[in-house]
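Engineer: If you scroll down you'll find the structure; I have some questions about it.
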(Lines of atoms letter the chains of each structure in order from A; the text may use other names.)
(Lines give C-alpha, C1' and ligand atoms only; values in the text may rest on other atoms or scores of the structure.)
Protein backbone atom coordinates (compact mmCIF):
# COMPACT_ATOMS: atom_id res chain seq x y z
CA UNK A 1 0.00 0.00 0.00
CA UNK A 2 1.20 3.49 -0.82
CA UNK A 3 0.20 6.39 1.41
CA UNK A 4 0.86 10.05 0.91
CA UNK A 5 -0.31 12.93 3.09
CA UNK A 6 0.52 16.55 2.37
CA UNK A 7 -0.78 19.79 3.80
CA UNK A 8 -0.38 23.48 3.16
CA UNK A 9 -1.36 26.65 4.96
CA UNK A 10 -3.59 28.80 2.74
CA UNK A 11 -4.43 32.49 2.85
CA UNK A 12 -8.02 31.48 2.21
CA UNK A 13 -10.82 31.42 4.80
CA UNK A 14 -11.84 27.86 5.73
CA UNK A 15 -15.36 28.23 4.31
CA UNK A 16 -14.03 29.33 0.91
CA UNK A 17 -11.41 26.57 0.90
CA UNK A 18 -14.14 24.03 1.70
CA UNK A 19 -16.42 25.35 -1.06
CA UNK A 20 -13.74 24.63 -3.65
CA UNK A 21 -12.29 21.44 -2.15
CA UNK A 22 -15.72 19.80 -1.91
CA UNK A 23 -16.87 20.88 -5.38
CA UNK A 24 -16.11 17.79 -7.44
CA UNK A 25 -16.88 19.67 -10.65
CA UNK A 26 -13.72 21.72 -9.97
CA UNK A 27 -11.54 18.74 -8.99
CA UNK A 28 -9.85 18.46 -12.38
CA UNK A 29 -9.03 22.18 -12.35
CA UNK A 30 -6.46 21.67 -9.63
CA UNK A 31 -5.86 17.95 -8.91
CA UNK A 32 -3.59 16.68 -11.67
CA UNK A 33 -4.40 13.01 -10.98
CA UNK A 34 -8.09 13.57 -11.71
CA UNK A 35 -8.57 13.22 -15.45
CA UNK A 36 -12.32 13.54 -15.69
CA UNK A 37 -15.67 12.17 -14.65
CA UNK A 38 -17.44 9.43 -16.59
CA UNK A 39 -20.70 9.69 -14.69
CA UNK A 40 -23.09 12.47 -13.86
CA UNK A 41 -22.23 14.42 -10.71
CA UNK A 42 -24.99 14.93 -8.17
CA UNK A 43 -26.03 18.43 -7.15
CA UNK A 44 -25.25 17.54 -3.54
CA UNK A 45 -22.86 15.01 -2.05
CA UNK A 46 -23.84 12.52 0.63
CA UNK A 47 -22.31 9.45 2.20
CA UNK A 48 -22.84 6.55 -0.18
CA UNK A 49 -22.86 8.63 -3.37
CA UNK A 50 -21.11 6.72 -6.17
CA UNK A 51 -19.23 8.37 -9.04
CA UNK A 52 -17.12 7.08 -11.91
CA UNK A 53 -13.96 8.90 -12.91
CA UNK A 54 -10.52 8.47 -14.40
CA UNK A 55 -7.41 8.77 -12.25
CA UNK A 56 -3.98 8.96 -13.78
CA UNK A 57 -0.35 9.61 -13.00
CA UNK A 58 2.88 9.36 -14.93
CA UNK A 59 1.11 8.27 -18.11
CA UNK A 60 -0.96 5.52 -16.49
CA UNK A 61 -4.75 5.88 -16.36
CA UNK A 62 -7.36 3.90 -14.46
CA UNK A 63 -11.15 3.99 -14.47
CA UNK A 64 -12.24 4.28 -10.85
CA UNK A 65 -15.61 3.86 -9.17
CA UNK A 66 -15.54 6.31 -6.26
CA UNK A 67 -17.81 6.19 -3.20
CA UNK A 68 -18.24 9.03 -0.71
CA UNK A 69 -17.37 7.50 2.69
CA UNK A 70 -17.32 10.62 4.86
CA UNK A 71 -18.87 13.98 4.20
CA UNK A 72 -18.55 16.38 7.10
CA UNK A 73 -18.96 19.98 5.88
CA UNK A 74 -17.06 22.22 6.21
CA UNK A 75 -14.13 20.05 7.23
CA UNK A 76 -13.81 16.62 5.59
CA UNK A 77 -14.54 14.82 2.34
CA UNK A 78 -13.35 11.23 2.07
CA UNK A 79 -13.72 9.00 -0.98
CA UNK A 80 -12.70 5.42 -1.62
CA UNK A 81 -12.27 4.03 -5.09
CA UNK A 82 -12.11 0.68 -6.84
CA UNK A 83 -10.12 0.68 -10.05
CA UNK A 84 -9.42 -1.74 -12.86
CA UNK A 85 -7.04 -4.59 -12.04
CA UNK A 86 -7.86 -4.66 -8.34
CA UNK A 87 -6.43 -1.24 -7.54
CA UNK A 88 -7.88 0.55 -4.54
CA UNK A 89 -7.75 4.26 -3.81
CA UNK A 90 -8.52 6.54 -0.92
CA UNK A 91 -8.74 10.31 -1.23
CA UNK A 92 -9.25 12.54 1.78
CA UNK A 93 -9.55 16.33 1.65
CA UNK A 94 -9.61 18.14 4.99
CA UNK A 95 -9.91 21.85 5.75
CA UNK A 96 -9.29 23.37 9.16
CA UNK A 97 -8.89 26.94 10.44
CA UNK A 98 -5.31 28.15 10.77
CA UNK A 99 -4.44 31.68 11.78
CA UNK A 100 -6.04 34.12 9.34
CA UNK A 101 -6.56 31.37 6.76
CA UNK A 102 -6.90 27.63 6.60
CA UNK A 103 -4.92 24.43 6.50
CA UNK A 104 -5.57 22.21 3.49
CA UNK A 105 -4.68 18.53 3.87
CA UNK A 106 -4.79 15.95 1.12
CA UNK A 107 -4.25 12.25 1.80
CA UNK A 108 -3.96 9.71 -0.99
CA UNK A 109 -3.92 5.95 -0.39
CA UNK A 110 -3.22 3.52 -3.21
CA UNK A 111 -3.47 -0.24 -2.72
CA UNK A 112 -4.24 -3.51 -4.43
CA UNK A 113 -2.20 -6.23 -6.06
CA UNK A 114 -0.40 -3.94 -8.51
CA UNK A 115 0.86 -1.78 -5.62
CA UNK A 116 2.17 -4.35 -3.11
CA UNK A 117 5.68 -4.05 -1.76
CA UNK A 118 8.31 -1.71 -3.15
CA UNK A 119 6.16 -0.86 -6.17
CA UNK A 120 3.67 0.88 -3.87
CA UNK A 121 6.40 2.94 -2.20
CA UNK A 122 7.79 3.88 -5.62
CA UNK A 123 4.30 4.91 -6.75
CA UNK A 124 3.91 7.20 -3.72
CA UNK A 125 7.27 8.83 -4.41
CA UNK A 126 6.38 9.24 -8.08
CA UNK A 127 3.13 11.09 -7.40
CA UNK A 128 4.34 13.19 -4.46
CA UNK A 129 5.48 16.03 -6.72
CA UNK A 130 2.19 15.90 -8.63
CA UNK A 131 0.21 16.20 -5.39
CA UNK A 132 2.40 19.04 -4.10
CA UNK A 133 1.87 20.84 -7.40
CA UNK A 134 -1.87 20.22 -7.19
CA UNK A 135 -2.13 21.79 -3.74
CA UNK A 136 -0.17 24.82 -4.96
CA UNK A 137 -2.48 25.06 -7.98
CA UNK A 138 -5.48 24.95 -5.63
CA UNK A 139 -4.02 27.89 -3.72
CA UNK A 140 -3.23 29.83 -6.90
CA UNK A 141 -6.70 29.32 -8.36
CA UNK A 142 -8.72 30.19 -5.30
CA UNK A 143 -6.79 32.88 -3.37
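Numbering (full-length UniProt numbering), first residue to last: 1 to 143. Here a beta-carbon is modelled for each residue, glycine too, at the ideal position from N, C-alpha and C.
1. What separation, rounded to the nearest whole angstrom, lies between the Cα atoms of residue 103 and residue 109?
2. Do the segment 23 to 38 and the segment 53 to 67 touch if we need at least three Cβ pairs shorter than 8 Å?
3. Sorted by chain position, which residues of the same chain lie with C-beta nearer than 6 Å to residue 96's C-beta, five sequence neighbours on each side aside?
4. Tell me which residues share the same chain as residue 74 and place their Cβ nearer than 7 Å to its Cβ, disregarding the 5 neighbours each side in the sequence.
5. Can you tell me whether DSSP reads residue 134 as helix, strand or coil?
6. Starting from residue 50 and walking both ways along the beta strand (DSSP E), at which residues does that stretch end?
7. Distance check for residue 70 and residue 78, CA to CA, integer angstroms please.
8. Would residue 87 pass as a contact of residue 68 if the rule is Cβ separation under 9 Å?
9. Can residue 83 and residue 48 be called in contact, C-beta distance under 9 Å?
10. Would residue 128 and residue 4 qualify as a contact pair, given that the criterion is a beta-carbon distance under 9 Å?
11. Return the bridge partner residues of residue 97 from the DSSP annotation.
12. Taking the DSSP output, what are the residues bridged to residue 68?
Structural biologist: In this structure, then:
1. 20 Å
2. yes
3. 103
4. 14, 15, 18 and 95
5. helix
6. 50 to 57
7. 5 Å
8. no
9. no
10. yes
11. 102
12. 79
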